[in-house]
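Novice: The structure follows.
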Amino acid sequence: MAANMYRVGDYVFFENSSSNPYLIRRIEELNKTASGNVEAKVVCFYRRRDISHSLIQLADKHAKDLEEEKEEEKESPLEAELTDKQKHQLRHRELFLSRQYESLPATHIRGKCSVALLNETEAVLSYLDKEDTFFYSLVYDPTQKTLLADKGEIRVGPRFQADVPDMLQEGESDEWDQSKLEEKLWDPDCPLSSKQIDQFLVVARAVGTFARALDCSSSVRQPSLHTSAAAASRDITLFHAMDTLHRHGYDLSSALSVLVPSGGPVLCRDEMEEWSASEAAMFEEALEKYGKDFNDIRQDFLPWKSLTSIIEYYYMWKTTDRYVQQKRLKAAEAESKLKQVYIPTYNKPNPNQISVTNGKMATVNGAGPGAYHAAGGGRACESCYSMQSAQWYSWGPPNMQCRLCVSCWMYWKKYGGLKMPSRAEVPEEKTPPSPVPNEPRSRGHGPRQSSHMVPVRNSGSPKSSTKTKQAFLLQATRLTKLARHMCRDIIRLRRAARRPFVPINCGAIKAEYMLRVSEGQVGRPPRIRTAQRSTLASVLQFLESRPAIHAPRSHRTLGLQAPPPRRLLSSLPYGPHGLLGKRSFHHHTRAEPEKRPENPGQTTGPVHNGRSSGGGGTRGSARGGVMIRKRRPNLIDAPDDSFFVVSRETSAAAVTHLFTEGQAAAVTVPAEARLSAAL
């Protein structure tokens with residue numbers, strides 16, 4: 001009951017998407033709408049994944065500078081004890097406060113959490129030991145995209161605290177001279193009585209009221225005698241009168257002469273009189289928005305006022321009737337508003353649920369004979385590499401086909417990351433820069449290589465920059481090569497080659513490889529082939545002893561029957577037709593038309609240097625004997641990569657059978673030829 005009761009000021013999880021992590025908010029107000037639903041006005045907190053990479057780098061640099069200062073003050077820093085896994089999980093606990101408010105339905109609350117200002121005196125491991133605990137140290141402005149240090153900083157250390165001297169022994173005198181360290185402002189043992197002091201203060205108030213009547217600016221602000229007398233009775237007038245009396249040795253006559261000099265009565269003003277009505281209204285508006293954050297009030301509302309003036313006015317404003325009236329109104333509004341709301345536990349199924357497994361192990365490349373074929377093809381958890389879970393959840397891009405177990409899914413929803421770095425997560429330190437718009441991109445190879453843990457290397461050739469697809473190099477890592485031999489029984493490369501659409505779970509293979517290496521199992525060792533390379537001197541000596549034999553080249557001469565080159569032929573009249581209409585090519589060239597042979601496959605053309613230029617045997621020849629250069633395919637028009645799936649009709653046995661039948665049909669003599677040979 002108490003766990004589902006949410007009050008104003010609680011830090012809670014909000015769910016805005018079934019696949020995204022929870023939002024972390026602080027409840028400021030609980031309002032009931034006209035339809036009867038409850039809405040929560042909340043303050044937004046942002047995670048590291050919600051902020052741009054450039055701001056994260058600035059925040060990390062700021063944290064690194066603070067760590068260096070700590071290391072200078074302390075000999076044994078605490079950060080050195082953190083492992084990579086702890087640093088990875090500690091980033092998930094860091095939040096960024098903002099001044100942004102939003103209203104969310106209270107039914108989207110999914111639980112409570114704890115958010116605190118980063119305590120420099122506390123070990124950072126304490127945040128990892130506590131569940132649902134977060135910390136923040138910077139303030140994020142989502143509109144201006146800036147990060148500012150929070151003003152609530154705990155200043156601890158010799159730079160901020162004074163050194164406490166040792167305790168004095170009994171009877172030991174203090175060496176400090178108090179008269180040099182202190183200044184007396186009032187003597188309680190003065191010769192004047194309390195009645196005389198009160199009469200002097202009444203005279204000082206009267207002088208202040210008369211001075212305001214003579215001042216033009218004061219007469220505009222306090223037009224009545226009552227307001228002028230109230231302003232003259234404030235503390236600034238009384239403090240000035242008592243200070244004047246103390247400086248003149250508590251002589252009433254000399255002190256009165258100072259209050260009313262020859263130039264006119266003395267006028268003492270405080271911040272309440274110096275501020276105009278519009279400035280007071282702006283201060284109340286800023287106080288409603290920012291609270292007692294006087295730096296932001298000065299920066300956004302009153303930049304012409306000093307910070308000392310704003311703080312002094314705040315404490316004087318709290319003594320006025322205006323503050324008392326506003327306090328009563330806020331108390332009445334708080335009584336009418338909701339103070340708490342009960343939200344039942346959310347038990348609806350998540351759309352990202354895959355299916356409930358029965359706990360059996362499945363093969364990596366799909367279910368083997370007799371194994372349970374779970375959803376996801378037997379893939380392991382993307383975070384902890386576990387193969388068994390009571391419930392699986394799909395996670396990441398759909399083409400990656402990643403999934404998480406129950407515990408890792410709850411960690412993802414609460415902390416916005418995985419327990420261990422995953423291949424689907426791009427580390428913040430290694431985030432690649434944004435691609436250049438003119439740079440060509442690979443359309444189909446990038447996701448395939450990244451899913452198999454193969455690094456992509458771009459080609460530096462200038463030819464590749466003109467192609468629509470970027471060239472790449474497949475280079476397997478050393479871990480992948482060793483896993484091929486150590487986990488050969490799990491990978492089953494031949495089976496995977498026949499099933500190109502079934503992905504290979506590299507995470508499970510990596511986990512199995514690490515397990516076998518730790519247990520001391522050794523698979524079939526890889527064959528290491530070392531090539532015996534000769535030296536340059538031996539290669540040159542070998543080439544000099546065996547010079548290359550060049551065959552004599554015969555110079556081709558055109559025969560008399562050779563047709564003229566194409567560039568010497570007269571051009572066809574492609575212009576407008578004359579009165580006689582369209583003429584044929586033979587009419588313009590005065591040449592007789594050639595008869596088309598019956599069998600074009602066995603025609604022969606003019607002989608050039610003993611070679612026939614017929615259409616049946618010459619490479620690159622054209623009709624009429626003119627040589628045509630073979631066209632080379634363009635790299636841009638090259639098709640995309642393709643793969644072949646072997647079926648029953650395209651198997652090796654079927655192809656061999658068809659090939660033998662084709663050869664037998666080619667060498668078979670026709671029946672008419674056999675009959676003529678017999679006669």
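In terms of full-length UniProt numbering, the sequence shown opens at residue 1 and continues consecutively.
Each residue gets a CB set at the ideal place from its N, CA and C atoms; glycine is no exception.
How big is the Cα-Cα spacing for residue 688 and Arg234?
Specialist: Because residue 688 is not part of the residues shown, which for the chain are 1 to 679, the question remains open.
Novice: What does the alpha-carbon distance come out to for the pair Lys327 and Glu68?
Specialist: For Lys327 and Glu68, the distance between alpha carbons rounds to 46 Å.
Novice: So within the UniProt domain "ELM2" (152 to 263), which uninterrupted alpha helix (DSSP H) runs reach at least 4 residues, ignoring any that extend past its ends?
Specialist: As far as the UniProt domain "ELM2" (152 to 263) is concerned, its whole alpha helix (DSSP H) runs of at least 4 residues are 178 to 181, 194 to 214, 216 to 221, 225 to 232, 235 to 247, 252 to 259.
Novice: On the DSSP bridge assignment, give the partners of Asn31 in chain order.
Specialist: According to DSSP, which records beta bridges pairwise, Asn31 is partnered with Glu39.
Novice: Which of the three DSSP states is assigned to Glu122 in this structure?
Specialist: In this structure, Glu122 counts as coil in the three-state DSSP scheme.
Novice: By DSSP's criteria, Lys112 is part of a beta bridge. Which residues make up the other side?
Specialist: Answer by DSSP bridge pairing, in chain order: Val12.
Novice: If contact is defined by three or more beta carbon pairs under 8 Å, each pair taking one atom from either stretch, is the stretch 230 to 247 in contact with the stretch 169 to 178?
Specialist: Flag = no, the stretch 169 to 178 and the stretch 230 to 247 do not touch.
Novice: Is there a C-beta anywhere in chain C that falls below 7 Å from the one on Asp166?
Specialist: Going by chain labels, chain C is absent from the structure shown, which holds only one protein chain.
Novice: Could you please give the first and the last residue of the uninterrupted beta strand (DSSP E) stretch that includes Tyr342?
Specialist: Start and end: 340 to 342.
Novice: May I have the straight-line CA-CA distance separating Pro432 from His53, to the nearest angstrom?
Specialist: Because the pLDDT at Pro432 is just 42, under 50, the model does not fix this residue reliably, and the value given afterwards should be weighed accordingly. Spanning the two alpha carbons is a distance of roughly 11 Å.
Novice: Could you pull out every residue in the same chain whose Cβ sits closer than 7 Å to the Cβ of Trp275, ignoring the five residues on either side in sequence?
Specialist: Within the same chain, Trp275 has close Cβ partners Tyr313.
Novice: Kindly provide the ranges of any alpha helix (DSSP H) runs that are 4 or more residues long and lie completely inside the UniProt domain "SANT" (270 to 322), ordered along the chain.
Specialist: Fully enclosed alpha helix (DSSP H) runs of 4 or longer: 271 to 274, 277 to 290, 294 to 300, 307 to 317.
Novice: Give the range of the alpha helix (DSSP H) segment to which Gln541 is assigned.
Specialist: Residues 536 to 545.
Novice: Can you give me the Cβ contacts of Ala59 inside the same chain, cut-off strictly under 7 Å, excluding the 5 residues immediately before and after it?
Specialist: For Ala59, where only same-chain residues beyond five positions count, the Cβ hits under 7 Å are Leu138, Leu147.
Novice: With 16 other CB atoms within 10 Å as the buried threshold, where does Ala149 fall?
Specialist: With fewer than 16 other Cβ atoms within 10 Å, it is exposed.
Novice: Less than 7 Å between the C-beta atoms of Met410 and Ser383, yes or no?
Specialist: Taking 7 Å as the Cβ cut-off, Met410 and Ser383 do not qualify as a contacting pair.
Novice: In the DSSP assignment, the alpha helix (DSSP H) including Tyr415 goes from what residue to what residue?
Specialist: Tyr415 -> alpha helix (DSSP H) spans 406 to 415.
Novice: Pull up the DSSP beta-bridge partners for Glu102, would you.
Specialist: Val42, per the DSSP bridge assignment.
Novice: Alpha carbon to alpha carbon, how far is Ser278 from Tyr315? Give it in angstroms, no decimals.
Specialist: Cα to Cα, Tyr315 sits roughly 18 Å from Ser278.
Novice: Taking only three categories from DSSP, how would you classify Cys506?
Specialist: Cys506: helix per DSSP, three-state reduction.
Novice: Hey, out of Glu131, Phe294, Tyr250, whose CA is closest to Pro191's CA?
Specialist: When each option's Cα is compared against that of Pro191, the closest is Tyr250.
Novice: If the criterion is Cβ atoms closer than 7 Å, does the pair Arg110 and Tyr11 meet it?
Specialist: The answer is no: Cβ separation not under 7 Å.
Novice: Let me make sure I understand the geometry here. Which of Gly9, Asn16, Lys32 has the alpha-carbon closest to that of Leu338?
Specialist: It is Lys32.
Novice: In whole angstroms, give me the CA-to-CA distance for Arg47 and Pro397.
Specialist: Approximately 20 Å between the Cα atoms of the pair.
Novice: Along the chain, where does the beta strand (DSSP E) that runs through Thr148 open and close?
Specialist: One point to set straight first is that residue 148 is Leu, not Thr, in the sequence displayed. It spans 146 to 149 - the beta strand (DSSP E) in which Leu148 sits, taken as one unbroken run.
Novice: Which two residues bound the contiguous beta strand (DSSP E) that contains Asp141?
Specialist: Run containing Asp141: 133 to 141, per the beta strand (DSSP E) assignment.
Novice: How about His108 and Phe14: are their beta carbons less than 7 Å apart?
Specialist: Contact: yes.
Novice: Assuming Gln89 and Leu125 are in contact, meaning their beta carbons sit under 8 Å apart, how far apart are those beta carbons, in whole angstroms?
Specialist: Gln89 to Leu125, Cβ: 10 Å. No contact.
Novice: So what does DSSP say about Glu382, is it helix, strand or coil?
Specialist: Correct three-state label for Glu382: coil.
Novice: Could you compute how far the alpha carbon of Phe210 sits from the alpha carbon of Ala34?
Specialist: Cα to Cα, the separation comes out at about 57 Å.
Novice: Cutting at 6 Å between CB atoms, please list the residues of its own chain near Glu29, excluding the five before and the five after it.
Specialist: These residues qualify, in order along the chain: Lys41.
Novice: Would you grab the beta carbon distance between Tyr415 and Gly507 for me? Rounded to a whole angstrom, and I think it's under 8 Å.
Specialist: 20 Å between Cβ atoms; not a contact.
Novice: Between which two residues does the alpha helix (DSSP H) carrying Arg495 extend?
Specialist: It spans 493 to 498 - the alpha helix (DSSP H) in which Arg495 sits, taken as one unbroken run.
Novice: Check each candidate in Thr319, Phe294, Cys487, Ser17 and name the one with the smallest Cα separation from Leu307.
Specialist: Nearest C-alpha to Leu307: Phe294.
Novice: Out of curiosity, what's the CA-to-CA distance linking Val8 and Gln340?
Specialist: Each residue's Cα considered, the two are about 7 Å apart.
Novice: Let's see if you can read the secondary structure: which residues bound the beta strand (DSSP E) around Met5?
Specialist: Here the beta strand (DSSP E) through Met5 covers 5 to 7.
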